[in-house]
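Engineer: Take this structure first; my questions come after.
Protein chains: 2
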Amino acid sequence: MTEKLQVLYKVHSDASSIEERALGLAIEQSVEAPLAAVRDPCVLSSIVGRVAAIGDRGNGWFDVHIDLSSATVGGDAGQLLNMLFGNASLYDDVVLEDAVFPADLIKAFSGPGHGAGGLFARANVEGRALTCSALKPQGLPVEGLAELAFKLALGGLDYIKDDHGLANQLFSPFEDRVRACAAAIRKAAAATGRRTRYVPNLCGGFSQIEQQIAIARSEGVDTVMIAPMIAGVPALQALRRAHPDFAFIAHPAMTGAARISPYLFAKLFRLFGADASIFPNPGGRFGFSEECCGKIVEALRGPLGGLRASLPVPAGGMSLERVPEVLDYYGREAMLLIGGALLSAPPGKLVAETAAFVRAVAEHHYR
Amino acid sequence: MTEKLQVLYKVHSDASSIEERALGLAIEQSVEAPLAAVRDPCVLSSIVGRVAAIGDRGNGWFDVHIDLSSATVGGDAGQLLNMLFGNASLYDDVVLEDAVFPADLIKAFSGPGHGAGGLFARANVEGRALTCSALKPQGLPVEGLAELAFKLALGGLDYIKDDHGLANQLFSPFEDRVRACAAAIRKAAAATGRRTRYVPNLCGGFSQIEQQIAIARSEGVDTVMIAPMIAGVPALQALRRAHPDFAFIAHPAMTGAARISPYLFAKLFRLFGADASIFPNPGGRFGFSEECCGKIVEALRGPLGGLRASLPVPAGGMSLERVPEVLDYYGREAMLLIGGALLSAPPGKLVAETAAFVRAVAEHHYR
Numbered sequence: 001m002t003e004k005l006q007v008l009y010k011v012h013s014d015a016s017s018i019e020e021r022a023l024g025l026a027i028e029q030s031v032e033a034p035l036a037a038v039r040d041p042c043v044l045s046s047i048v049g050r051v052a053a054i055g056d057r058g059n060g061w062f063d064v065h066i067d068l069s070s071a072t073v074g075g076d077a078g079q080l081l082n083m084l085f086g087n088a089s090l091y092d093d094v095v096l097e098d099a100v101f102p103a104d105l106i107k108a109f110s111g112p113g114h115g116a117g118g119l120f121a122r123a124n125v126e127g128r129a130l131t132c133s134a135l136k137p138q139g140l141p142v143e144g145l146a147e148l149a150f151k152l153a154l155g156g157l158d159y160i161k162d163d164h165g166l167a168n169q170l171f172s173p174f175e176d177r178v179r180a181c182a183a184a185i186r187k188a189a190a191a192t193g194r195r196t197r198y199v200p201n202l203c204g205g206f207s208q209i210e211q212q213i214a215i216a217r218s219e220g221v222d223t224v225m226i227a228p229m230i231a232g233v234p235a236l237q238a239l240r241r242a243h244p245d246f247a248f249i250a251h252p253a254m255t256g257a258a259r260i261s262p263y264l265f266a267k268l269f270r271l272f273g274a275d276a277s278i279f280p281n282p283g284g285r286f287g288f289s290e291e292c293c294g295k296i297v298e299a300l301r302g303p304l305g306g307l308r309a310s311l312p313v314p315a316g317g318m319s320l321e322r323v324p325e326v327l328d329y330y331g332r333e334a335m336l337l338i339g340g341a342l343l344s345a346p347p348g349k350l351v352a353e354t355a356a357f358v359r360a361v362a363e364h365h366y367r
Numbered sequence: 368m369t370e371k372l373q374v375l376y377k378v379h380s381d382a383s384s385i386e387e388r389a390l391g392l393a394i395e396q397s398v399e400a401p402l403a404a405v406r407d408p409c410v411l412s413s414i415v416g417r418v419a420a421i422g423d424r425g426n427g428w429f430d431v432h433i434d435l436s437s438a439t440v441g442g443d444a445g446q447l448l449n450m451l452f453g454n455a456s457l458y459d460d461v462v463l464e465d466a467v468f469p470a471d472l473i474k475a476f477s478g479p480g481h482g483a484g485g486l487f488a489r490a491n492v493e494g495r496a497l498t499c500s501a502l503k504p505q506g507l508p509v510e511g512l513a514e515l516a517f518k519l520a521l522g523g524l525d526y527i528k529d530d531h532g533l534a535n536q537l538f539s540p541f542e543d544r545v546r547a548c549a550a551a552i553r554k555a556a557a558a559t560g561r562r563t564r565y566v567p568n569l570c571g572g573f574s575q576i577e578q579q580i581a582i583a584r585s586e587g588v589d590t591v592m593i594a595p596m597i598a599g600v601p602a603l604q605a606l607r608r609a610h611p612d613f614a615f616i617a618h619p620a621m622t623g624a625a626r627i628s629p630y631l632f633a634k635l636f637r638l639f640g641a642d643a644s645i646f647p648n649p650g651g652r653f654g655f656s657e658e659c660c661g662k663i664v665e666a667l668r669g670p671l672g673g674l675r676a677s678l679p680v681p682a683g684g685m686s687l688e689r690v691p692e693v694l695d696y697y698g699r700e701a702m703l704l705i706g707g708a709l710l711s712a713p714p715g716k717l718v719a720e721t722a723a724f725v726r727a728v729a730e731h732h733y734r
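Sequence order for the protein chains is H and G. Residue numbering for the first sequence follows this note's numbering, starting at 1 and increasing by one per position. Residue numbering for the second sequence follows this note's numbering, starting at 368 and increasing by one per position.
See the structure below:
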């Protein structure tokens, strides 16, 4: 029969009712009906979720391991999310902690089309981590964003991405912005001889996104950003299939709301085709722990049924001073993203500050 | 200038640092950069979020009212969600509680194309609540689902929807299922003289969804279900615009009750075009309170810049016995959804049990 999708939930419960809770969860996340309403013997034997194990974590929290049938996923990213946590997300005492994907499920998805290695190859970089910054704040007119892109590219960055707040607003519509920023980066490349990659942020419905991809391609752009929990995970899956020439960087917006562990999101985004994943580095302005980020790195780089590795992109309140420490932690297989701290440099010093960031990464002696 | 999008967050914090937290949230959800990096006076004056008020709720929780510029939304459903909670979702001590949409923002979205009234008109029903059940469990072959659809339709229901777990799995692929269930319901209509509406569940990437809409339309289907937090809210917005002949029922999968209030989700889904919204009724198997459901009803039916009302669809562990109580609570402007409890009836009694549900709704004397 079909292989098992192994899911781990954390459930807050009385010890006396945890078995019933676990069984309820297994039913909710599979047939979503009382067992009295499940008469087909095949459904009973192969589709109804099974409680594989329950472990006591202390303080009223339990590990609940549930096996689901991978046949229920049907090769769709949205449906995988639905099976993992669709209705269970409505329980405020249940956390989706982790999942182990069987081989047939992994095969149904494609994973990164380029992966970490592809992002290094695009930037023509070996032996060091990649550098990245962000165009912000939203509200700036197109010319202002293009000027920032020009200066950041002059400073020698590998990648420059749109802020995830840059959508298709009147103050900087997607098409005008992408054409202007791509041109600014070409101008910088003509001056420096080194090509920076501009990474626009995709947004809107799928037909808009298709138009955005076409605009990006016409400007020589080959790497884009998408927030899968804003655009919908099926959009990432569909884009990865429809546009194999593009690399995709996943943004974590809205990943926190649903009580799903950040490293499972990292694993899912990799499965669906993200070549890189942005996440908050410990010590920045978000509360992710070092342990959590270690698990994110493992989810992105560790073995996953032969899929390419995704590149970790630690971000979120990073500064130039922290570059050595961050490089020692993540090693060469990462992209360092410093946004606001670079842009806080006086306009006349932005190129120099960017160059200092690039130099710090290039000259770092990894421990 | 542009109008203000008023957002209410609940933040857990020390009293001594709540002002700093609130300011940080206002910046995170607008320019997402240190103010030192924001030099454009227009951005500073009109795009940077403002802390409008802070209120102490007790127990370390604070109400933080933040005003954002509606110009940042750019008329995109995904970007509205991003502005409301994109990065803030990564803070585990912040809850998105509510939002007030200014007139220009509401105008940029279309709201329900048919609304509650349209769902009653389709069913040719006046003066009573609507009835609905669900085809489940997933795993059943197409013939099994079609047989259920036939019996439920013979029982006289107004609407029969796919379970939200029915995607495009091999055991009941979308096209085969929709054609078979639509045919089964036509056969029942030929016998009873009364037409039940079949509501398929949309899933997958946008091009798949477009194909699904075409299949549904070719079978005379005019109402479909979508889980906006699985498919992506931009999909609901785009479908509502592209297919004005269709009505859309929103499913709450992945709305993750604890960190975004369920009634804000209800309001958002209405704004984006949902004609009806399913949510867990108090006393069912989810922990939604009566107060919360009251607010959901207000979000769906209350004034919202002239948009049509969405129809409340209480569900989630409902039973025949509870029909009078539920009708008294929601009144006539609702759709009652009983799934598993109906389907638990022995196969030979399913038509009679469904007819009893229909009769209980039709003959109820509203308080």
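Beta carbons are placed, not taken as given, at the ideal position from N, Cα and C, and that holds for glycine.
1) Okay, do the stretch 349-357 of chain H and the stretch 307-324 of chain H touch, 3+ Cβ pairs below 8 angstroms being the bar?
2) Within 7 angstroms: the Cβ of residue 684/G and any heavy atom of the ligand ATP?
3) Could you tell me the alpha carbon to alpha carbon distance between residue 476/G and residue 638/G, rounded to whole angstroms?
4) Less than 8 angstroms between the C-beta atoms of residue 250/H and residue 280/H, yes or no?
5) Run through chain G and tell me which residues come within less than 9 angstroms of residue 164/H, C-beta to C-beta.
6) Within 8 angstroms (strictly less), CB to CB, does residue 9/H reach chain G?
7) Tell me, which residues are paired with residue 313/H by DSSP?
8) Mind listing which residues of the stretch 567-589 of chain G have their C-beta closer than 9 angstroms to chain H's C-betas, in chain order?
9) DSSP three-state call for residue 414/G: helix, strand or coil?
10) For a test of the three-state rule: what should DSSP assign to residue 289/H, helix, strand or coil?
11) Starting from residue 42/H, find everything on chain G with Cβ-Cβ shorter than 8 angstroms and list it in chain order.
12) State the DSSP-derived secondary structure class of residue 1/H, mapped to helix, strand or coil.
13) Tell me the rounded alpha-carbon separation between residue 173/H and residue 167/H.
14) From residue 555/G to residue 528/G, what distance separates their C-alpha atoms?
15) Report yes or no: do three or more beta-carbon pairs, one from the stretch 517-532 of chain G and one from the stretch 452-471 of chain G, lie closer than 8 angstroms?
16) Report the option in 704/G, 669/G, 512/G whose CA atom is closest to the CA atom of residue 503/G.
17) Quick check: residue 404/G and residue 343/H, are their CB atoms within less than 8 angstroms of each other?
18) Where does residue 449/G sit, in a helix, a strand or coil, going by DSSP?
19) Is the beta carbon of residue 208/H less than 8 angstroms from the beta carbon of residue 439/G?
20) With a CB to CB cut of under 6 angstroms and the five nearest residues on each side skipped, what residues in its chain are close to residue 368/G?
21) Relative to the C-alpha of residue 433/G, which residue among 417/G, 444/G, 447/G is closest?
22) Kindly say whether residue 388/G, judged by its beta-carbon, lies nearer than 8 angstroms to any beta-carbon of chain H.
23) Counting only beta-carbon separations shorter than 8 angstroms, does residue 668/G have a partner in chain H?
24) Roughly how many angstroms separate the alpha carbons of residue 589/G and residue 635/G, rounded to a whole number?
25) I need the straight-line Cα distance from residue 551/G to residue 202/H, nearest angstrom please.
26) Between 579/G, 580/G, 371/G, 543/G, which has its C-alpha nearest residue 473/G's C-alpha?
27) Is there contact here, the stretch 441-460 of chain G with the stretch 386-406 of chain G, by at least three beta-carbon pairs under 8 angstroms?
28) What's the C-alpha gap between residue 706/G and residue 500/G?
29) Is the beta carbon of residue 679/G sitting closer than 8 angstroms to the one on residue 664/G?
30) Which of the three DSSP states, helix, strand or coil, is assigned to residue 318/H?
31) What would DSSP say about residue 620/G, mapped onto helix, strand or coil?
32) Which residues in chain C sit within 9 angstroms of residue 443/G, going by Cβ to Cβ distance?
33) When you compare the CB of residue 6/H with every CB in chain G, is at least one pair closer than 8 angstroms?
34) Near residue 259/H, what residues of its chain come up, given a Cβ to Cβ distance below 6 angstroms and the 5 sequence neighbours on each side ignored?
35) State the start and end residues of the unbroken alpha helix (DSSP H) segment that holds residue 307/H.
36) Measure from the C-beta of residue 271/H to each C-beta in chain G and report whether the shortest distance is under 8 angstroms.
Structural biologist: Looking at the atomic coordinates:
1) With the cut-off at 8 angstroms, the stretch 349-357 of chain H and the stretch 307-324 of chain H touch.
2) In the structure on display, the ligand ATP does not appear, and there are no ligands present to speak of.
3) Whole-angstrom Cα-Cα distance: 6 angstroms.
4) At a Cβ-Cβ threshold of 8 angstroms, residue 250/H and residue 280/H do not count as neighbours.
5) Residues of chain G whose Cβ lies closer than 9 angstroms to the Cβ of residue 164/H are, in chain order, 399, 449, 453, 454.
6) Under the Cβ criterion of 8 angstroms, residue 9/H is not counted among the residues facing chain G.
7) Partner(s): 278/H.
8) So the list reads 570, 571, 572, 573, 574, 575, 576, 577, given in the order they occur along the chain.
9) In the structure shown, residue 414/G sits in a helix (DSSP, three-state: H, G or I).
10) Reduced to three states, the DSSP call for residue 289/H is coil.
11) Correct list: 506.
12) With a pLDDT of 47 at residue 1/H, under the threshold of 50, the modelled position of this residue cannot be trusted; read the value that follows with caution. In the structure shown, residue 1/H adopts coil according to DSSP, grouped into three states.
13) Take the alpha-carbon of residue 173/H and the one of residue 167/H: they are about 7 angstroms apart.
14) About 16 angstroms.
15) No, the stretch 517-532 of chain G is not in contact with the stretch 452-471 of chain G.
16) Per the Cα distances, 512/G.
17) With respect to the 8 angstroms criterion, residue 404/G and residue 343/H are classified as neighbours on the basis of their beta carbons.
18) The answer is helix: DSSP assigns residue 449/G an H, G or I state.
19) The Cβ atoms of residue 208/H and residue 439/G do not sit closer than 8 angstroms to each other.
20) Note on residue 368/G: pLDDT 47, under 50, position unreliable in the model; no value is reported.
21) When only C-alpha atoms are compared, the closest one is 417/G.
22) Closer than 8 angstroms: no.
23) Not an interface residue.
24) Rounded to the nearest angstrom, the two C-alpha atoms are 22 angstroms apart.
25) Their Cα atoms are separated by approximately 42 angstroms.
26) Closest in C-alpha terms to residue 473/G, from the list 579/G, 580/G, 371/G, 543/G, comes 371/G.
27) When C-beta atoms of the stretch 441-460 of chain G are compared with those of the stretch 386-406 of chain G, three or more pairs fall below 8 angstroms, so the two segments count as touching.
28) Taking the straight line from one Cα to the other gives about 5 angstroms.
29) The answer is yes: Cβ separation under 8 angstroms.
30) The answer is coil: DSSP assigns residue 318/H none of H, G, I, E or B.
31) Residue 620/G: coil per DSSP, three-state reduction.
32) Of the protein chains in the structure, H and G, none is chain C.
33) With 8 angstroms as the cut-off, residue 6/H does not count as an interface residue toward chain G.
34) Cβ neighbours of residue 259/H beyond the five flanking positions: 95.
35) Segment: none, residue 307/H is in no alpha helix (DSSP H) and carries neither H nor E.
36) Chain G, which has no Cβ nearer than 8 angstroms to the Cβ of residue 271/H, makes this no.
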